[in-house]
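Read through the structure below, which is laid out as structure tokens, and then see the notes.
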Amino acid sequence: SPAAATLVGERYAVARRYGTITALIADGGVDAIVILTSGSHAAAAATALAAGIPAFCEKPLAYTVAEADALESAGGRLALGYMKLYDPAVVRAASLLAGREPIRSVEVTVLHPSAATQLAHAHVARPAGDVPPETLLALASGARELEERALGGASEELRRLYVDVLLGSVVHELAVVRALAGDPVSFEHVDVWPEGRFPPSVAIHGVLRDGARLAIRWHYLADHPVYREEVRLHDERGTVSLTFPSPYLLNAPTELRVVDGERHDDGRGEGTRVFRSTVEAFEEELVAFHRFVTKGEPFAAGIEQGRTDIVSCQRIVQRLAEQRGLELGGEAAGA
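Using this note's numbering, count along the sequence shown one by one with no gaps and you end on 342.
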């Protein structure tokens with residue numbers, strides 16, 4: 008969108024403005040690239056990596072495992088944008104859990120209002136509608152082709168669930184679960200409701216690598232007054248929980264709450280510790296990307312983690328299709 012490029016360029020005093028990543032790279036003088044476009048980011052990331060430029064790309068990494076494998080084979084350095092991994096509360100929770108008993112259960116609940124509700128305070132510019140029709144057609148056609156590679160001839164409902172809900176949102180939850188308890192190895196049950204509504208509510212039951220059970224409840228509730236995400240991890244010693252505010256409220260703290268037993272002279276009681284920090288996860292993520300580029304320090308997530316989450320999302324759709332007596336093609340058939 009030329010209008011969007013002009014608006015953002017003027018707002019942040021950026022003189023160099025381009026319509027494509029190819030033109031940006033060709034002009035030279037690029038130390039690193041941040042990819043924040045919609046859809047699969049694999050093509051743009053591949054262009055950056057082929058030019059030897061470190062790239063940061065927002066989730067999802069890609070729509071297909073093949074795209075992720077191609078990026079891995081190409082080499083280069085890529086950081087994947089799971090900002091919650093840089094939330095001080097998540098970092099502290101991971102440290103606490105490293106020394107505790109094996110986790111028995113992980114429970115995640117997301118209450119997701121509409122984008123308009125969450126961004127009402129942000130004065131986001133409306134799309135100018137100036138993207139050439141042929142460009143929009145090419146983007147839509149490319150996305151459709153990737154969806155078919157991932158899911159074969161799946162229904163429109165399953166495609167939208169995969170792209171818009173799982174890859175578009177639930178991957179953030181999978182990233183947090185991985186940081187705290189490891190990746191799921193299987194998915195036992197998936198439910199989507201109410202019928203005929205999109206985005207819907209989604210329930211996902213899985214098993215983690217050490218046998219712990221995972222339950223994710225993701226609810227799109229258009230008029231819900233506030234975004235809220237809660238992650239609870241239970242073990243024999245107690246409970247570690249995280250409560251995330253809307254990601255669009257910068258510097259709003261995530262609350263880490265630890266409940267465990269405290270021994271005293273009269274026996275055993277309940278102790279609660281609470282941690283909050285106004286350090287912004289998005290900013291910490293960008294600072295980490297700077298270190299990744301300038302000092303070669305490792306980043307919290309990259310191609311490997313993005314690929315893992317693509318496989319998980321395909322397995323979730325495959326499990327739902329099996330429950331409904333449907334056959335999926337594409338990569339999901341063998342996920």
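Think of the CB as a built atom: it goes at the ideal place given N, C-alpha and C, for glycine as much as any other residue.
Remember, predicted model here, so these are calculated numbers, not experimental data.
Enumerate in chain order the residues of its own chain whose CB-to-CB distance from Gly-245 is below 6 Å, with the five nearest sequence positions on each side excluded.
Val-266, Asp-267
Could you spell out where the alpha helix (DSSP H) holding Glu-154 opens and where it closes?
140-158
Residues near Leu-126 in its chain [Cβ-Cβ closer than 8 Å; skip 5 each side]:
Tyr-255
Does Lys-302 pass the burial test, meaning 16 or more other C-beta atoms within 10 Å, or should it be called exposed?
exposed
Going by DSSP, what residue range makes up the alpha helix (DSSP H) through Leu-187?
178-188
State whether the segment 312-319 contacts the segment 59-71, with contact taken as three or more CB pairs (one from each stretch) at a distance under 8 Å.
yes
Just mark His-48 as buried or exposed, buried being the case when its beta carbon has 16 or more other beta carbons within 10 Å.
buried
According to DSSP, which residues form a beta bridge with His-241?
Ser-112, Thr-246
What are the partner residues of Thr-71, as DSSP defines its beta bridges?
None; Thr-71 has no bridge partner.
Out of curiosity, what's the CA-to-CA distance linking Glu-349 and Arg-239?
For the chain, the structure presents residues 8 to 342; residue 349 sits outside this window and is missing.
Which parts of the segment 245-331 are runs of the beta strand (DSSP E), unbroken and 3 residues or longer, counting only runs that do not cross its ends?
245-251, 262-271, 274-283
Please determine, among Pro-252, His-297, Ser-102, Ala-210, the residue with the shortest C-alpha to C-alpha distance to Val-324.
Ala-210
Unbroken alpha helix (DSSP H) run spanning Ala-51, endpoints
49-57
In whole angstroms, give me the CA-to-CA distance for Ala-340 and Arg-283.
43 Å
One or two residues paired with Glu-65 in a DSSP bridge:
Gly-88
Residues bridged to Leu-118 by DSSP?
His-226, Arg-235
For a test of the three-state rule: what should DSSP assign to Asp-198, helix, strand or coil?
strand
Identity of the residue in Val-117, Leu-221, Glu-17, Thr-124 nearest Ala-229 by Cα:
Thr-124
Could you compute how far the alpha carbon of Val-21 sits from the alpha carbon of Val-15?
8 Å
Backbone secondary structure at Ser-8 - three-state DSSP
coil
Report the three-state DSSP secondary structure of Leu-215 (helix, strand or coil).
strand
Can you tell me whether His-119 is buried or exposed, with buried defined as 16 or more other CB within 10 angstroms of its CB?
buried
Nearest to Arg-280 by alpha carbon, out of Ile-40, Ala-96, Ile-42, Phe-63?
Ala-96
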